[in-house]
Each structure stands twice: as C-alpha cells, then as structure tokens.
Amino acid sequence: MAAASKRKAATPKTTKPKAPKTKAPKPTSARGLLFDGSEWTFQKLETTYAAIQEIAEEDLGLEVYPNQIEIISSEQMLDAYCAIGMPLMYQHWSFGKRFVHEETMYRKGFQGLAYEIVINSNPCISYYMEENTMAMQTLVLAHAAFGHNHFFKNNYLFQQWTDAEAILDYLEFAKGYIAKCEERHGLDAVEEVLDAAHALMDQGVFRYRRQNFVTERQRRERAEARQAYEEQTYNDLWRTLPKPADSEDPSETERLLAERKKQLNLPEENLLYFIEKNSPALEPWQREMLRIVRNLAQYFYPQKQTKVMNEGCATFVHHYIVNALYDRGQITEGALMEVLHSHSNVVFQPDFDDPRFSGINPYALGFAMMQDIVRICTEPSDEDRDWFPEIAGCDDWRSVLRDAWANYRDESFIRQYLSPRLIREFKLFLLNDDSRDKYYEVGAIHDERGYREVRDKLAVSYDISQNEPDIQVVDVDLKGDRELVLKHNVRDGIPLDERNRDEVLAQIRRLWGYDVRLSGVDADSEKTLYESRSVSQRAKKED
Amino acid sequence: MRHFIDRRLNPKDKSLVNRQRFLRRARAQIKDAVNKSLKDRKITDVGGGESVSIPSKGIREPRLRHASSGGRRQRIFPGNKEFTPGDRINKPPSGKGEGGKEASDSGEGEDEFTFALTREEFLDLFFEDLELPDLVKTNLKETTAYKPQRAGYSVDGTTTNINVLRTMRHSLGRRIALKRPVLGDVEGLQAEVDELETKDHLDAREMRRLIELKVELENVQRRWKAIPYIDPLDIRYNRFEQVPQPKTNAVMFCLMDVSGSMGPREKDLAKRFFILLHLFLERRYERIDIVFIRHTHKASEVDEETFFYSRETGGTVVSTALVEMRKVLRDRYPVQDWNIYAAQASDGDNFEDDTGYCLELLAQELLPVCQYFAYVEILDEREFQLFQNSNGGKTLWRGYRRLAEAFENFETKRISKPGDIYPVFRELFAKNKETA
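Heads up: the sequence lines are chains B and E, in that order. Our numbering applies: residue 1 is where the first sequence begins, and numbers increase by one. Our numbering applies: residue 1001 is where the second sequence begins, and numbers increase by one.
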C-alpha cells in the first residue's frame, strides 16, 4: 500500500513549510482587454497565455513544464483520441476500432470531442481544437497548459513512475521497433503478441515499487560476498547433525517448491513482467514487445489513480484564473459567461436516479473538493475545525492545495480531505449489495454517523489495488510440465467475468506456450472457489 | 516558456492505417459470417438488403476484470433524497443469473462492440476481396436492348421525322438572305399595273411608269418563283440514335445434377457458387429471377428448398436439364427482354451417349442467347489433384472444354473445396475481362 493512503483523515499530517512566495497581486482594472469577440488568432493566444501565466505562477504558485501548444483540426483530434491520446503510437487494429467507434459517435452527434488533450511529457504537449472560440481557448490554456501541466510535473505518482523527459522518444522507438517487427515477422505474428499483451495491460504494472534493477555485476558481487561469508563461517560440525528421518519425503517437494518460488521471485503480480522474463516460448523480439506494452501500462498507471485529482486540479485552476482575468478587466463579461457555461457543464453531477447518471463525475468531485479546501482555509465552520484542525482557518489555501496536488492520489486525497459538508452537498450514501440478498441495503448516508464510512468507502472505490482483480503468478515448474499457475485472490466473493477470464487465459497461454491454470481463492478463508484452465489452441480450433 | 504550433496543415488521417487494420481484422469476421450464413440462407438473401453484422468475437479486447454481479459490494452514490441507513431496496427481478454477464462495468460497452455493415459496404468488401469491382463495370455492361433517343437534327430522314420548326427557321433565313419578295410586294405591283392598264388613256409619264412596273413585276415574279418558299436544303429531320439500354431484368438458371453421386458436400459447394453468381448479378440488375432446374435422368424445375435439400435417385442425363432450360426460356423469358445467365454444377457424370446432344443444345440454342454460362465440375480432393490443369476427365468435361474454346460466354472450372470457389470465380470473370 502506498504510504500516502495510510494517512488517517482525522489526524492530518504536518504540512511542510512552503515558501511564502504567493501573494495575490492587487487586481488592477487598467490592464485592458486581452481580446474581444470570439475569433482567435495566434497573436491573441500569445498575449492571453502571458496573462494566464502571470496569474498561474505569481498568484497560484504553479510550476509547469514548458508548454508546447498545438492547434489541430477536429479530424486530427479524432486521430489523437484513438491512439490513447498519444502523439505517436505504434499501429494496432484496436486503435482503428476505437476510431471507427468514436467517429460514428461524433458524426452521428452522440458526443462532442474533447476541447483539449494534454500529454504528460516534457515539454508538455497539449492539443487544442481550431473550432474553439477565443474564450474557450482561454479556458483550455488555463486548464491544460497550467492545471494539468502543474499536476503532471508535481504529483508524486508521476514523478515516481513516469519519465516525462523520455516518453516521446520512447514512443518513437516503440513505433519504429514494432514496425520493424512487422516487416520481419509479418503483421499477424506481431498482432498476435500485441493482442495478448494488451489483454494483460492491467496486470502489467508494478503497483508498489519501482522495479529494483540489479545489474549483472551487482549480482555477481553479491554472490561472491555470500560465498565468502559461507567460506568464513564454514564449520564441518554442521554436517554431523542428525536429520529427522521421517520428514524427508514430504518436505522435499515443499522445499523444492519454496526454492523454485524464491528463484523466480514468486509470487509476482506483474504478469506481463513475469512472462516477459520467464516465458519458455517467446523470441527476443516478442519479449521486447511485451516490454513496450508494459512500459506504456506503467506510464498510464498514475493517470488511472489520479483522475479526480488531475481533473479537479485543472478545473480548479481554469476556474480561478478565468475569474481572476475577469476581475482584472482582461476579459469581457461575455467571455466569462461563455467559459462559466461550459465549466458548469463539465462539473455537472447527476443524481443516482437521473437517467444521465453514470457514476461520480471526477471533474465534479475534484473541483468541489478543491473549492471546499479553499473554503475550509478561509471561512471554516466549527465542524471544519473539528475535522481539519490542521488547515481550518490557516488562510493559505494555495500551499494547502499545492501540497495536496503533489502528495496524494485519488484514494488518499478523498480519505484526507472529503468534508462532511461536501458529503451533505452531494447527498452521498452507501449501498451494500450482497448477491445472495434480494435487496440492496442502504449502509450509511450523509449524517453524523455516516460521514466516516461514506468517506472511507468512497476512497476505497478509487483504490485500484482494491477494485481491480488481484491476480498473481504463484508457481511454475520450469523443469517439469511448465504449467503456469495463477492465483486470483477473491475479495468479498466478487468473481471474474468468465468470458473475459477464459479469453485472457487463452492469450496468456499463447505467450507462455504451455498450459495456464488460474485458481480463485477466497482471500479470507483460503478456500479454492474455482479453477480455470486455458483451453489449448488445438482444442479450440477444432470446435 | 511556451511554443505555439499550427498543426492543422499536417496530414490528417493519422489513424488511417489503424482503421484499415481494423477493417482487415473485421473482414475476416465478415468472411466467417458469410460462410456461416451460406448454409442457412436462401441464395437471394445473402445480398438481400439486410446488413451482415460482425460478431464482436475476434474484435473483442478481453481484460481480466470483475464480473458485474456476484459477491458483496459497497458503492457510493450521489443524490440521496429519502433513504436512511438500514433501508432496503428490492433488486430488479432479473438481477441474478445470466443477465448481468454481458454488461461491461467500464461503461464503454466494449464487449458489445458490433460492427454492422450495410449491404452496399458488405458487397463492396465482398467484391473487393474477389478483386471484381472493375469487372463489374466492364463485363456486365454488355447489353442487347436498344432504345431510340433524340440526338439533334439531320438533313436526311423520313418525312415523319421532319422538324417543322427547324425547317421553317432555315427557310426564313434563306428567304431573307436571298431577298425573296414577299407576297404583298407582288400583289401590290400587280394591283398598280392593273389599275394603269384599266385606264383608257395613258399619258407619257403613266406609260413610262407602266413599263417600269411591268419590268419590275416580271422581275419580282421571276425571283418569287426562282426562290422557293421551302427549299429541300431547309428541311431538317429529327435525328434519333439507338442507345443501348441495359436490361434491368436478368434471369439466372441454376442447373444441378442431383443424382445419388451428388452428396451434401457437392451440393454445398454448388450452392456457394450459385450464391456468388447471384451476388454478382445483383449488383447490376434491378430484378433477378432465379430458376432452379435439377436433373437426374429427367429434369424438372423446382423451388430452392427442393433444389438443395431433397434427395433423388436415378441416372444422369445432363441434356434433360438443358432441354428444360430451353423450355422455360421459351415460355417465360423472351430473349429480347431478359439477360440470361446460367450456372451449371455437376460431378461430371453423364449418360454415355448424351454428351453430344448436350453440346449441340448448348452451341445451337442456349449459348447464343445467354450472356454467360458457367459450368463447375465438383470433384473430390484426389481427383482435383489429378485433373488439375488438364483436359482429361469424363466425356462431359472434355466436350465442354471444346465448347469453351469456341464460345466466349461459356466457361468451365473444376473445384473441390469451398476455398476453390473464390479463386475460380475470379478466374471465370478475369478471363472475360481480357476479352472485354
């Protein structure tokens, strides 16, 4: 578990002293309008950028990568969308499938396109649509070039897991490498590996540690040190110890198993990594492809864990900056109204019984929590003083927010900062769903007794290690039948989707080359709930 | 630091390759779908307006994820209005069991992704795969019906086609150009002459005037006669051109040997061949009739169901089918109104002495009126290997081969498994392409 998520809400951590660099400059109304009317030009973008930058850096104290802002057409936005939002990407049919799907949705008018896409890279690349009005470009500049950019640069998960400097180069390498593989080994062979690797993307990340790279030299040195130690401490007397006579046979297999597991570093939850390193069936180029997919999965892993915070941060920043621009007389009331209109669309949260409901909107929750932090810092109620003694009334909401953006992920952020007042505002409630019952039960609601549980459960629902299936490699006998043994720790009796499960097992088998067995074990009782084996390719083709 | 870049002029379709890859992937699904549907569908249904939807299998991207139901879950929802802790809400009745299995909890509906092609798209893909679109354009344009169509004017023609307006316009122009006197001029002079002549006494001035008038009148009358009101040169006829009119109707004859030697495998192959021909014709014609003629030692016209699925015993006399076809043609499909196509499938067996009569029937009566006649001989694998690229075989095949050399609209092919049919079809039409 990540350190940050262990923090308890009621006992806030001590905030590091921040440089008191931020002091809101006095609003001056004599700066003059940045633009008027809805047409944008590069000149207007430049001046507006400068005005936004002033507020972002001097007032909010944001710290960003250099910005590379690219204006693109809607077709290009569709393109960008479909390659997981990356500017360059290797080729694969699934991106085309996405494209066909998104294009249909867009052409038929079911959905609009994103106003912008931002890439976690240095320089930070963002794409803006040419169709945006100048007011929208202003919003997007503040949102992407400063909000997201600041978050990418400062959040600990991104710092720990992603290399913004190198990602574009790496993608270029990946694209070239895979193209070369296609040339050499044929489209189908490459597609087969990529399909299988994509199926394991969710199980292709290191969740809790950066992988410990041990060089060959270090390994040798360690082995030598160990040898030296054994030589030093050798005592022939140990040989004479009598062995327990009866325990020899059963313990032998146990011992072998333990030995094997130790050698292979089992259990291992990064399936892609394990297969890449140990599969008896893969060619070197196939291993390299698994590595590419794994690196991508790892690159996107922080984004999965920070949807609420990342979007909240960007939304908060654009909201603050656009209002500041208006206060300074730099944008017209019309532009402000236009921005606020789309802003309120973005942060709209339908109720659970509303037909538009599709889960909790990360923009809405993130933005509301960050606004709430400002409120707690500046105008706390008694309740806030109870719940957030550390920050209530401290007035320096800028540092508090910057600290939150830097040191939390969704799960820990909610655990730390979701206030009773916000729980009431959203009218949050907890629903217990036991598949054995014919009814749902309301567990807790937005009242005195329920705040903690609601907050706790909401936080858990953002913890990927909790809500994605926990599947690990537990054993493989490389010298024997080479069957790969996977274990699914079944939490709360929640099963895997069987169709997906069987298909992925077949994919794993393809990569592993030998049979694969997955057993579902209840996390509490250790009871085996199911066993599923990969269907061999031959048997599959016959039916 | 910042950097603005205008990317709008960059090439768009960055996803084009991925899109094509998706279609390449989907195409395999279409083929599968078609292959599977061939068995259950009527020939006319295959391209018959409905879309063929591709099962999401194969374009699914499976992931290890939790099922949407089962186990104990706790979820937080917004917007509570009346609930208090401990309240129970009944689950919808279908909450358990299979119902939830298909739904994806990501909300993207990924598992449900189906890609339906319209008929046109389907056929395009289908023919693209057969590399036929150009052939469709060139080959099937051959037509036999003509329809007159106005095509300007000509200087010769039949009287019924005289275009009065044009003719009069030319006449008027000519008359003006040649200064043909109008009738009033002549009558006016005549009247003046008459008036002078009726006078008893003419003075010298009147006398001169009369002479002048007479000369002029004569001159005018001469011109009036010399320059006709309508000259043959003026006459214009409506011109009609014979424009070839594609017939919108086609009839397709399916001839098949249903004797004991034709098993389900042979019939299945034959059906695929017929379907391909039908799909092909469908691109071209508004209306296609299909006539199924099956034969053993005697032939009869039957419906599709009987054609493919009922069993029959007896000998094999191929000519009976051709005779039956001729009869149907004479009865219902006059050559001037119909484009006639025929596809014959057989395992090559024929009554010894019959082949000669078959050839005669084809050469004399059927091939001259058919747009196209295709014969496929269905062999088993071993025979196929043996007879590949050879003219050897049973008498029917040898005879048909000779016929194929003489007639451009007659083709023969041998097939032994479904995979042979597509290439065969391609070859059949590709050959015509060269001659077209």
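Built from N, CA and C at the ideal position, the CB exists for glycine as well. The structure displayed is predicted, hence computed values, not measured ones.
Contact test: residue i Cβ vs the ligand SAH heavy atom, cutoff 7 Å
i	result
LEU1361 of chain E	The ligand SAH is absent from the structure shown, which contains no ligands of any kind.
Rounded separation between residue i and residue j - CA only
i	j	result
LEU557 of chain B	GLU254 of chain B	The requested residue 557 of chain B does not occur in the structure, where chain B is confined to residues 1 to 543.
ARG1175 of chain E	ASN1219 of chain E	16 Å
ILE119 of chain B	GLY493 of chain B	38 Å
ARG452 of chain B	ILE414 of chain B	11 Å
SER1310 of chain E	PHE1407 of chain E	34 Å
THR1160 of chain E	GLN1149 of chain E	16 Å
THR1084 of chain E	SER519 of chain B	40 Å
GLN371 of chain B	PHE316 of chain B	7 Å
PHE352 of chain B	LEU428 of chain B	10 Å
ILE258 of chain B	TYR273 of chain B	In the sequence on display, residue 258 of chain B carries Ala and not Ile. Answer to the nearest angstrom: the Cα atoms are 21 Å apart.
SER121 of chain B	LEU168 of chain B	7 Å
PRO27 of chain B	ASN323 of chain B	With a pLDDT of 47 at PRO27 of chain B, under the threshold of 50, the modelled position of this residue cannot be trusted, and the question is left open.
THR528 of chain B	PRO469 of chain B	16 Å
LYS1070 of chain E	LEU1277 of chain E	Residue identity check: residue 1070 of chain E is Gly in the sequence provided, not Lys. GLY1070 of chain E and LEU1277 of chain E: Cα-Cα distance of roughly 52 Å.
THR1412 of chain E	HIS1295 of chain E	19 Å
GLN263 of chain B	ARG1060 of chain E	36 Å
ILE376 of chain B	ASN132 of chain B	35 Å
VAL1317 of chain E	ALA1299 of chain E	8 Å
HIS1066 of chain E	GLU503 of chain B	14 Å
PHE1240 of chain E	LEU1279 of chain E	36 Å
ASP1111 of chain E	ASP497 of chain B	Annotation note: pLDDT 43 at ASP1111 of chain E (below 50); position unreliable, coordinate value reported separately. Their backbone Cα atoms lie some 11 Å apart in a straight line.
GLU1286 of chain E	PHE1373 of chain E	20 Å
ASN1139 of chain E	LYS1417 of chain E	The pLDDT assigned to ASN1139 of chain E is 42, lower than 50, so where the model puts this residue is not dependable; a value taken from the coordinates is nonetheless given after this. Taking the straight line from one Cα to the other gives about 27 Å.
Residue environment, residue i, which counts as buried when at least 16 other CB atoms sit within 10 Å
i	result
TYR179 of chain B	Before going further, note that residue 179 of chain B is Ala rather than Tyr in the sequence given. So ALA179 of chain B ends up on the exposed side.
VAL1215 of chain E	exposed
GLN416 of chain B	buried
ALA228 of chain B	exposed
ASN407 of chain B	buried
ASP1006 of chain E	exposed
THR233 of chain B	exposed
PRO1092 of chain E	exposed
ALA444 of chain B	buried
ASP1354 of chain E	buried
MET337 of chain B	exposed
THR1313 of chain E	exposed
ASN1090 of chain E	exposed
LEU1165 of chain E	exposed
GLY967 of chain E	Beyond the ends of chain E as shown, which are 1001 and 1436, falls residue 967 of chain E; an answer cannot be given.
ALA10 of chain B	Legend: pLDDT at ALA10 of chain B = 34, less than 50; position of this residue unreliable, no value from coordinates given.
With a threshold of 8 Å, are at least 3 pairs of Cβ atoms found where one atom belongs to the region 1170 to 1180 of chain E and the other to the region 1200 to 1212 of chain E? At 8 Å Cβ cutoff, the stretches do not touch.
Going along the chain, which unbroken runs of the alpha helix (DSSP H) with 4 or more residues stay wholly within the region 67 to 139 of chain B? The qualifying runs are 74 to 82 and 93 to 107.
Along the region 431 to 448 of chain B, what residues have a CB closer than 7 Å to any CB found in chain E? So the close ones are LEU431, ASN432, ASP433, ASP434, SER435, LYS438, TYR439, TYR440, GLU441, VAL442, GLY443, ALA444, ILE445 and HIS446.
Listed in chain order, which residues of the region 1079 to 1095 of chain E have Cβ atoms closer than 8 Å to some Cβ of chain B? Answer in chain order: GLY1079, ASN1080, LYS1081, PHE1083, THR1084, PRO1085, GLY1086, ASP1087, ARG1088, ILE1089, ASN1090 and LYS1091.
Below 8 Å between beta carbons is the criterion; list the residues of the region 32 to 65 of chain B that meet it against any residue of chain E, in chain order. Residues passing the 8 Å Cβ filter: PHE42, LEU45, GLU46, TYR49 and GLN53.
Given a limit of 9 Å on CB to CB distance, which residues of the region 368 to 390 of chain B reach chain E? Going along the region 368 to 390 of chain B in chain order, one finds no residue with a Cβ nearer than 9 Å to chain E.
Decide if the region 182 to 200 of chain B is in contact with the region 507 to 515 of chain B; the criterion is three or more beta carbon pairs, one per stretch, under 8 Å apart. Yes, they touch.
What beta strand (DSSP E) runs, 3 residues minimum, are completely inside the region 430 to 468 of chain B? The region 430 to 468 of chain B contains these whole beta strand (DSSP E) runs: 439 to 444.
Give the list of continuous alpha helix (DSSP H) stretches no shorter than 4 residues that lie fully inside the region 1287 to 1363 of chain E. Contiguous alpha helix (DSSP H) elements confined to the region 1287 to 1363 of chain E occur at 1304 to 1309, 1318 to 1332 and 1355 to 1361, taking only those with 4 or more residues.
Could you tell me whether the region 308 to 315 of chain B touches the region 526 to 535 of chain B, using the rule of 3 or more Cβ pairs below 8 Å? Taking a cut-off of 8 Å for Cβ pairs, the region 308 to 315 of chain B and the region 526 to 535 of chain B do not touch, as fewer than three such pairs fall below it.
Proximal residues, the region 1013 to 1027 of chain E versus chain B, C-beta separation under 9 Å: Legend: CB atoms of the region 1013 to 1027 of chain E lying less than 9 Å from CB atoms of chain B belong to residues ASP1013, LYS1014, SER1015, LEU1016, VAL1017, ASN1018, ARG1019, GLN1020, ARG1021, PHE1022, LEU1023, ARG1024, ARG1025 and ALA1026.
Using a beta-carbon distance cut-off of less than 9 Å, what residues from the region 189 to 223 of chain B approach chain E? GLU191, ASP195, HIS198, ALA199, LEU200, MET201, ASP202 and GLN203: these are the residues of the region 189 to 223 of chain B whose beta carbon lies less than 9 Å from some beta carbon of chain E, given in chain order.
Uninterrupted beta strand (DSSP E) stretches inside the region 1241 to 1285 of chain E (no shorter than 3 residues): If you keep only unbroken beta strand (DSSP E) runs of at least 3 residues inside the region 1241 to 1285 of chain E, you get 1249 to 1257.
By the 8 Å beta-carbon criterion, what residues does the region 82 to 94 of chain B contribute toward chain E? Cβ contacts with chain E come from CYS82, ALA83, GLN91, HIS92, TRP93 and SER94.
Would you be able to state if there are at least three C-beta pairs under 8 Å between the region 398 to 407 of chain B and the region 431 to 441 of chain B? Pairwise C-beta distances place the region 431 to 441 of chain B out of contact with the region 398 to 407 of chain B, as fewer than three of them are shorter than 8 Å.
If you scan the region 136 to 210 of chain B from start to end, which runs of the alpha helix (DSSP H) of 4 or more residues do you find wholly inside it? For the region 136 to 210 of chain B, whole alpha helix (DSSP H) runs of length 4 or above, ordered along the chain, are 149 to 154, 156 to 161, 167 to 185 and 187 to 199.
Closer than 8 Å between beta carbons: that is the criterion. Which residues of the region 1281 to 1299 of chain E meet it against chain B? Contact annotation: in the region 1281 to 1299 of chain E, no residue has its CB less than 8 Å from a CB in chain B.
In the region 343 to 360 of chain B, which residues sit with their C-beta less than 9 Å from some C-beta in chain E, listed in chain order? Answer set for the region 343 to 360 of chain B: GLN349, PRO350, ASP351, PHE352, ASP353, ASP354, PHE357, SER358, GLY359 and ILE360.
Of all the residues that make up the region 119 to 143 of chain B, which are near chain E by a beta-carbon distance shorter than 8 Å? Within the region 119 to 143 of chain B, PRO123, TYR127 and GLU130 place their CB atoms closer than 8 Å to a CB of chain E, listed in sequence order.
Along the region 1248 to 1262 of chain E, what residues have a CB closer than 9 Å to any CB found in chain B? Shown here is that no member of the region 1248 to 1262 of chain E has a Cβ falling below 9 Å from a Cβ of chain B.
Three or more C-beta pairs closer than 8 Å, one from the region 274 to 290 of chain B and one from the region 521 to 530 of chain B: is that the case here? Counting C-beta pairs closer than 8 Å gives fewer than three between the region 274 to 290 of chain B and the region 521 to 530 of chain B, which falls short of the contact rule.
For the region 1055 to 1076 of chain E, list every residue whose C-beta sits within 8 Å of some C-beta in chain B, in sequence order. ILE1059, ARG1060, GLU1061, PRO1062, ARG1063, LEU1064, ARG1065, HIS1066, ALA1067, SER1068, SER1069, GLY1070, GLY1071, ARG1072, ARG1073, GLN1074, ARG1075 and ILE1076: these are the residues of the region 1055 to 1076 of chain E whose beta carbon lies less than 8 Å from some beta carbon of chain B, given in chain order.
Counting beta carbon pairs with one atom in the region 1192 to 1206 of chain E and one in the region 1254 to 1271 of chain E, are three or more of them shorter than 8 Å? The region 1254 to 1271 of chain E is not in contact with the region 1192 to 1206 of chain E.
contact_flag[the region 1014 to 1023 of chain E, the region 89 to 104 of chain B] where n(CB pairs < 8 Å) is 3 or more: In short, these stretches touch, since the Cβ pair count reaches three.
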